[in-house]
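Below: the structure, in structure tokens.
Numbering (the working numbering), first residue to last: 719 to 829.
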């Protein structure tokens, strides 16, 4: 009986560990996107990050919805990926050199 209780406790802790490893979160990141090219660039950038399952940018409110595994990537890493490609991400400003590499229509004031 003691062994059965011990086995049950071990099994439940392993199940809990497995579930936390497979946990999925959703992030909503405010961006500085301006156009369809920005949308494509942002979605591609985030979708190719390790642990990201799906990303979609709403151009009306400029918010990228990103579904990801926090065991593989964290929210700050997702924001940094956008900053490095030339877009603001929440309270993080875009890398100025990356902004210069964007097409003119995707740069601030470009539309």
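Don't be surprised by glycine CBs; every beta carbon is placed ideally from N, CA and C.
Predicted model, so just to flag it, every value in this text is computed and none were measured.
Exercise for review: Within its chain, find whatever has a CB closer than 7 Å to the CB of residue 797; leave out the 5 residues flanking it on each side and keep chain order.
Suggested key: Position 79 of the chain shown, counted from the start, is the residue given in the question as residue 797. The beta carbon of residue 797 is closer than 7 Å to those of 747, 807, 808, 810 in its chain, skipping five residues each way along the sequence.
Exercise for review: Compute the distance between the beta-carbons of residue 767 and residue 799, then report whether it is under 7 Å.
Suggested key: Taking the first residue of the chain shown as position 1, residue 767 is located at position 49. Taking the first residue of the chain shown as position 1, residue 799 is located at position 81. Against a cut-off of 7 Å, the Cβ pair of residue 799 and residue 767 comes out as a contact.
Check your understanding: Do residue 749 and residue 785 come within 7 Å of each other at the CB atom, strictly closer than that value?
Key -> Numbered from its first residue, the chain shown carries residue 785 at position 67. Numbered from its first residue, the chain shown carries residue 749 at position 31. The answer is no: Cβ separation not under 7 Å.
Check your understanding: Taking just the CA atoms, how far does residue 789 sit from residue 815?
Key -> Against the chain shown, residue 815 aligns to sequence position 97. Against the chain shown, residue 789 aligns to sequence position 71. Residue 815 and residue 789 have their C-alpha atoms spaced approximately 31 Å apart.
Point to revise | Residue nearest to residue 751 in terms of C-alpha spacing, selected from 817, 801, 777, 792 | key: Start at 1 with the first residue of the chain shown, and residue 751 comes out as number 33. When each option's Cα is compared against that of residue 751, the closest is 777.
Check your understanding: Distance, Cα to Cα, residue 818 vs residue 804?
Key -> Here residue 818 is taken as the residue at index 100 of the chain shown, counted from 1. Here residue 804 is taken as the residue at index 86 of the chain shown, counted from 1. Spanning the two alpha carbons is a distance of roughly 8 Å.
Point to revise | Spatial distance of residue 753 from residue 774 (CA atoms) | key: Residue mapping note: residue 753 aligns to position 35 of the chain shown, counting from 1. Residue mapping note: residue 774 aligns to position 56 of the chain shown, counting from 1. If you take the alpha carbons of residue 753 and residue 774, they lie about 14 Å apart.
Point to revise | Distance between beta carbons of residue 770 and residue 801, contact taken as under 8 Å | key: Position 83 of the chain shown holds residue 801. Position 52 of the chain shown holds residue 770. About 16 Å separates the beta carbon of residue 801 from that of residue 770, a gap too long to meet the 8 Å contact definition.
Point to revise | Own chain partners of residue 723 with C-beta closer than 8 Å, once the 5 adjacent residues on each side are dropped | key: Taking the first residue of the chain shown as position 1, residue 723 is located at position 5. Residue placement at residue 723 is flagged as unreliable, the pLDDT there being 41, under the threshold of 50; the coordinate-derived value follows with that caveat. For residue 723, same chain residues with a beta-carbon under 8 Å away, outside a window of 5 residues either side, do not exist.
Check your understanding: How should residue 823 be labelled, buried or exposed, when 16 other C-beta atoms within 10 angstroms of its C-beta is the threshold for buried?
Key -> Position 105 of the chain shown, counted from the start, is the residue given in the question as residue 823. Counting Cβ neighbours within 10 Å, residue 823 comes out exposed, since fewer than 16 surround it.
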